[in-house]
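Accompanying notes for the structure given below.
In the working numbering, the protein residues as written are 25 to 214.
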């Protein structure tokens, strides 16, 4: 699909949905197409609809370009894909400077456990607000973590244990380690 067609299709679709007060549209074009996101952002701005993207960005430079070109109004970091806190914190700082909320992607095993710490950092050190601060939550395999994420009344509860909350239970490691875990052995022996 050409960029022109993508922009017109997104514009047409979102104009029809604007009456429902859509907060954002996520990755309306190829996730690494910064100029495409910018063009779509410009079309959607009069409708009050934001563009969210970034969960497939693997470095702070891409986020810098997304943010500097006003291609996104919601930054969606992925704490695993960015690779380290050294890549993640500059994204938070750039987004804060440009008044763009960071709403982390957390749709995978362990991501909810990681991003809770990042949003606490954002709240305490940067934004000091919950306004426009959202975190995805997928209750996927949280039972395998020693200190799983806690949700109460649709809110993440700040962790009380030290660390990044990603320590796996020993029993889970034994069950799922490859190729000698009990989960794999059942398939090999059958």
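The beta-carbon is built from N, C-alpha and C at its ideal position, and this holds for glycine as well.
With a 10 Å radius around the Cβ and a threshold of 16 neighbouring Cβ atoms, residue 53 comes out buried. In the DSSP assignment, residue 68 forms no beta bridge with any residue. According to the DSSP assignment, residue 77 belongs to the beta strand (DSSP E) that extends over 74-77.
Here the region 156-172 does not lie against the region 113-123, with fewer than 3 beta-carbon pairs under 8 Å apart. Relative to residue 72, the option among 47, 170 and 57 whose CA is nearest is 47. The Cβ-Cβ distance between residue 82 and residue 60 does not fall below 8 Å. A distance below 7 Å between beta-carbons, with the five flanking residues on each side excluded, links residue 131 to the following residues of its chain, in chain order: 160 and 162.
Bridge partners of residue 192 according to DSSP: 169.
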